[in-house]
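For reference, the structure discussed in these notes is given below.
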Amino acid sequence: MAPPAMAFQSLTLAPPTLLLPSSRRRVRVRVLAVAADQTPPPPPVPTSEPANSPSRLLRELAQRKKAVSPKKKHPPRRFILKPPLDDERLTRRFLSSPQLSLKALPLLSSCLPSAPLSTADRTWMDEYLLEAKQALGYPLEPSETLGEGDDCPARHFDVLLYLAFQHLDPSSERTRTRHVRHGHSRLWFLGQYVLELAFCEFFLQRYPRESPGPMRERVFALIGKKVLPKWLKAASLHNLVFPYDDIDKMIRKDREPPSKAVFWALFGAIYLCFGMPEVYRVLFEAFGMDPDDESCQPKLRRQLEDVDYVSVEFEKRQLMWQDVAAYRPPPDALFAHPRLFRACVPPGMHRFRGNIWDFDSRPKVMNTLGYPLPMNDRIPEITEARDIELGLGLQLCFLHPSKHKFEHPRFCFERLEYVGQKIQDLVLAERLLMKHLDAPGRWLAEKHRRMLMNKYCGRYLRDKHLHHYIIYGESVQDRFEHNRRLRNPSTTSVQQALHGLAYCVYGKSDVRRLMFEVFDFEQVQPKAV
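Residues 0 to 528 (numbering that gives the first Met the number 0) are what the sequence shown spells out, left to right.
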């Protein structure tokens with residue numbers, strides 16, 4: 000082995016010397032460090048080996064392999080295209096899917112799991128479902144024994160209740176399966192809007208003089224994500240949501256998202272199987288919510304004096320949840336939801352009959368919206384009275400708060416706007432669930448949000464040229480008509496108020512007609528050239 004090459008490092012630390020003639024100049028060099036080059040010399044190449052010999056090529060290849068190349072990043076799995084299912088497998092999957100088993104209940108059918116439940120799913124149901132049903136106050140026998148025939152929605156309660164508790168747990172293989180994961184997310188997507196509409200109807204009837212602002216604060220205090228773990232623990236359901244953790248010792252970011260998903264999905268399942276009255280019972284009986292509790296009272300604010308009358312049924316006493324849940328409209332009622340209509344449209348609106356808007360604008364608005372709808376009434380006077388009330392409700396929908404709110408707080412579209420906002424959320428959620436059977440809840444929530452953006456709602460109303468009929472106060476009329484930043488939110492409010500009026504007068508079917516046929520929220524109809 001050849002001796003290592005020596006490298007010398009020189010450094011002069013003496014002060015600079017004067018330049019002398021070359022014969023008398025003395026150079027001082029001090030050696031401070033010696034470094035040895037330990038790199039082994041390249042192996043000697045035999046002179047007899049040609050440049051293209053196999054052994055030389057193999058040797059060079061081995062040396063190149065020693066250099067580590069950077070690890071290539073593969074695309075995420077969701078971007079890797081899978082081969083489509085062949086026709087036979089696709090047909091088998093659709094025919095075996097429980098989602099296509101119910102023709103009479105399309106919404107409930109769309110929320111069933113996309114594949115039959117596995118043995119692991121049945122094992123969980125056998126172990127824990129009785130505990131959940133007992134905590135919620137349901138009979139313990141299997142739901143398949145309820146009712147007669149598959150067209151009874153309550154027969155599918157066990158499956159939906161199982162899906163409601165299956166929040167995504169990374170440690171559980173069962174909750175990561177596709178049919179469980181998607182079934183649970185679709186239920187919570189529906190359940191959040193069911194809860195919002197339930198509390199909206201309840202508080203509008205319980206507080207007939209209150210504006211929607213304090214009501215929203217009450218709703219948030221009752222079902223905001225911070226308090227949902229408390230309600231699950233009050234109903235003794237926390238052990239089913241967190242079987243291995245103490246809910247009181249968990250940090251918020253680990254405790255709140257699963258609690259919120261399970262709570263919403265639970266009410267999605269109850270609404271599908273038993274309807275809105277059962278939603279009220281579970282909220283106020285099983286979970287023990289109290290609307291009079293100190294923690295859910297709105298903050299104090301200056302209230303405008305309300306000198307106008309309320310309907311007779313709200314004057315005697317404050318309605319309880321049992322009154323709202325058990326209420327059934329009489330057979331000859333003018334409206335689909337008469338008490339909700341009376342809570343939103345004050346009796347004093349009759350003073351506006353025969354004004355200029357009633358003669359000039361109301362016929363044009365009714366013609367654009369397709370009102371009045373044909374109804375089969377036994378007595379002609381009922382039809383006439385409904386049309387009069389519908390005209391007053393339409394005038395209230397177009398009555399901006401700047402006109403009369405300071406003297407008469409309820410003579411504006413605010414309460415109708417509140418109920419309209421909630422019913423349009425629920426109607427579109429049901430539509431998306433029935434239309435996209437394979438989609439998970441997060442995808443549906445994003446599509447729902449994009450379709451109901453405020454700027455779009457107001458634009459649909461402006462496309463029909465209905466924004467010209469909004470009644471503004473004289474002091475702000477010029478500002479609202481010529482400033483789109485003021486005008487566009489008010490047109491959105493009128494759009495939502497129209498949906499609220501349609502729900503109160505004709506029911507949910509008319510909200511669907513307005514949203515998808517008149518205003519075309521999905522933008523599927525060809526536009527006029």
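Don't be surprised by glycine CBs; every beta carbon is placed ideally from N, CA and C.
Reference residue i, options the options, closest by Cα
{"i": "Trp442", "options": "Tyr455, Ala428, Lys454", "result": "Ala428"}
{"i": "Leu497", "options": "Glu140, Pro211, Glu293, Lys421", "result": "Lys421"}
{"i": "Trp187", "options": "Ile250, Asp244, Ala268, Ile246", "result": "Ala268"}
{"i": "Phe202", "options": "Gln296, His481, Leu129", "result": "Gln296"}
{"i": "Glu304", "options": "Gly274, Leu159, His403, Ile355", "result": "His403"}
{"i": "Gly390", "options": "Trp356, Arg414, Phe405", "result": "Trp356"}
{"i": "Gln262", "options": "Val240, Met249, Asp245", "result": "Reading off the sequence shown, one finds Phe at residue 262, where the question assumed Gln. When each option's Cα is compared against that of Phe262, the closest is Val240."}
{"i": "Gly347", "options": "Lys315, Glu200, Glu406", "result": "Glu406"}
{"i": "Asn453", "options": "His181, Tyr468, Ser489, Leu368", "result": "Ser489"}
{"i": "Phe198", "options": "Glu312, Val323, Val158", "result": "Val323"}
{"i": "Ile469", "options": "Arg484, Trp320, Cys411, Arg88", "result": "Cys411"}
{"i": "Ala220", "options": "Phe358, Arg58, Leu451, Lys298", "result": "Lys298"}
{"i": "Leu436", "options": "Leu99, Leu265, Glu48, Asp253", "result": "Leu99"}
{"i": "Arg260", "options": "Glu48, Gly440, Glu413", "result": "It should be noted that the sequence gives Ala, not Arg, for residue 260. Cα-wise, what sits closest to Ala260 is Gly440."}
Three-way DSSP call (helix, strand, coil) for residue i in this model
{"i": "Ile246", "result": "coil"}
{"i": "Ile470", "result": "strand"}
{"i": "Leu460", "result": "helix"}
{"i": "Leu299", "result": "coil"}
{"i": "Leu513", "result": "helix"}
{"i": "Leu139", "result": "coil"}
{"i": "Leu107", "result": "helix"}
{"i": "Leu436", "result": "coil"}
{"i": "Leu84", "result": "coil"}
{"i": "Gly419", "result": "helix"}
{"i": "Glu59", "result": "helix"}
{"i": "Cys411", "result": "coil"}
{"i": "Ser508", "result": "helix"}
{"i": "Pro488", "result": "helix"}
{"i": "Lys315", "result": "coil"}
{"i": "Gly148", "result": "coil"}
{"i": "Leu12", "result": "For Leu12, the predicted structure reports a pLDDT of 47, less than 50, and the residue's modelled location is therefore unreliable. The matter cannot be settled from this model."}
{"i": "Met5", "result": "Confidence at Met5 is low in this model, with a pLDDT of 48, below 50, so the placement of that residue is unreliable and no value is reported for it."}
{"i": "Asn531", "result": "The first residue shown for the chain is 0 and the last is 528, placing residue 531 beyond what the model contains."}
{"i": "Gln495", "result": "helix"}
{"i": "Asp292", "result": "coil"}
{"i": "Leu19", "result": "Note that Leu19 scores 49 on pLDDT, short of 50, meaning its location in the model is unreliable; the coordinates nonetheless yield the value given after this. The answer is coil: DSSP assigns Leu19 none of H, G, I, E or B."}
{"i": "Lys232", "result": "helix"}
{"i": "Arg352", "result": "coil"}
{"i": "Lys225", "result": "coil"}
{"i": "Phe358", "result": "helix"}
{"i": "Tyr308", "result": "coil"}
{"i": "Pro329", "result": "coil"}
Sequence-distant residues of the same chain with beta carbon closer than 6 Å to residue i, five excluded per side
{"i": "Gly506", "result": "Ala335"}
{"i": "Gly146", "result": "Ala153, Arg154"}
{"i": "Leu107", "result": "Pro152, Leu271"}
{"i": "Met5", "result": "For Met5, the predicted structure reports a pLDDT of 48, less than 50, and the residue's modelled location is therefore unreliable. The matter cannot be settled from this model."}
{"i": "Leu282", "result": "Met288"}
{"i": "Asn487", "result": "Gly457"}
{"i": "Val504", "result": "Phe334, Leu389"}
{"i": "His178", "result": "Pro112, Ser113, Ala114"}
{"i": "Arg341", "result": "Ser310"}
The alpha helix (DSSP H) enclosing residue i, as first and last residue numbers
{"i": "Ser184", "result": "177-205"}
{"i": "Pro257", "result": "251-273"}
{"i": "Asn366", "result": "361-368"}
{"i": "Gly390", "result": "379-396"}
{"i": "Arg341", "result": "337-343"}
{"i": "Met214", "result": "211-222"}
{"i": "Gln165", "result": "Premise fails: Gln165 is in no alpha helix (DSSP H) and is neither H nor E."}
{"i": "Arg478", "result": "476-481"}
Close-in-space but distant-in-sequence residues of the same chain around residue i (CB under 7 Å, 5 per side omitted)
{"i": "Gln494", "result": "Cys456, Gly457, Tyr459, Leu460"}
{"i": "Asp462", "result": "none"}
{"i": "Ile381", "result": "Asp331, Leu333"}
{"i": "Lys446", "result": "Leu431"}
Whole-angstrom C-beta distance between residue j and residue i, which should lie under 8 Å
{"i": "Leu425", "j": "Tyr279", "result": "With 8 Å as the limit, Leu425 and Tyr279 do not qualify as a contact, their Cβ atoms being about 15 Å apart."}
{"i": "Thr174", "j": "Asp168", "result": "5 Å"}
{"i": "Val418", "j": "Tyr502", "result": "6 Å"}
{"i": "Cys343", "j": "Gly212", "result": "The Cβ separation is near 15 Å, so there is no contact."}
{"i": "Arg217", "j": "Gln317", "result": "About 14 Å; that fails the 8 Å criterion."}
{"i": "Leu395", "j": "Arg361", "result": "That pair is no contact at about 11 Å."}
{"i": "Gly369", "j": "Val517", "result": "6 Å"}
{"i": "Gly353", "j": "His399", "result": "No, Gly353 and His399 are not in contact; Cβ-Cβ is about 21 Å, not under 8 Å."}
Cβ neighbours of residue i in the same chain (closer than 8 Å, five flanking residues each side left out)
{"i": "Tyr161", "result": "Leu116, Asp120, Trp123, Met124, Leu128"}
{"i": "Arg208", "result": "Asp305, Val309, Pro408, Arg409"}
{"i": "Leu432", "result": "Leu106, Ser109, Cys110, Arg185, Phe188, Leu189, Leu443"}
{"i": "Ala131", "result": "Leu160, Phe164, Leu236, Leu239"}
Minimum Cβ-Cβ distance from residue i to chain C less than 8 Å
{"i": "Cys295", "result": "Among the chains in the structure shown there is no chain C, since it carries only a single protein chain."}
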